[in-house]
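Following our numbering, the numbering of the sequence shown begins with 6 at its first residue and continues without gaps.
What follows is a set of notes on a single structure, which appears directly below.
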Amino acid sequence: MKVDWRENFGRSRIVDFQGPDGQDAAYGTAVLGGERYELDAFGTALLPVAVTELVGELQLADGTTCAVRVVQDAQTARCTR
């Protein structure tokens, strides 16, 4: 019997998020396409591989928010106010 496990796995990528000043968005939250992604101490999150760009909002640790866009295959995303 042959079992196909491919449906149980997804492809992901690492993206580094930055605030408008270019600093790491440490411990922030990115909301992209209705999904929430918690950022680590370096402002990094694991995102699904997307066919198109992801657009949303970045909430920084101090509570401020800014718009963010993650283009396809981007390794870094910087928010704008």
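We put the beta carbon where it would ideally sit given N, CA and C, even for glycine.
Here the structure is a predicted model, which is why all the values come from computation and not from measurement.
Could you work out which residue in the options is closest to residue i when comparing CA atoms only?
| i | options | result |
| --- | --- | --- |
| V75 | E62, A66, Q28 and R86 | E62 |
| L52 | L65, P25 and V36 | V36 |
Determine the direct distance from the alpha carbon of residue j to that of residue i, and round the result to whole angstroms.
| i | j | result |
| --- | --- | --- |
| T69 | D9 | 45 angstroms |
| A79 | V56 | 12 angstroms |
| G33 | C84 | 12 angstroms |
| T81 | K7 | 40 angstroms |
| L65 | Q23 | 9 angstroms |
| V60 | G38 | 6 angstroms |
Assuming the contact rule is C-beta atoms closer than 8 angstroms, residue i and residue j should be a hit. Round their C-beta distance to whole Å, please.
| i | j | result |
| --- | --- | --- |
| A31 | F47 | 7 angstroms |
| T49 | D21 | 5 angstroms |
| Q28 | E58 | Not a contact, Cβ separation roughly 23 angstroms. |
| V54 | R86 | No, V54 and R86 are not in contact; Cβ-Cβ is about 28 angstroms, not under 8 angstroms. |
Per the DSSP calculation, residue i is bridged to which residue(s)?
| i | result |
| --- | --- |
| L52 | R18 |
| R83 | Q23 |
| V73 | G61 |
Can you find at least 3 beta carbon pairs, one from the segment 7-16 and one from the segment 33-43, that sit closer than 8 angstroms? no
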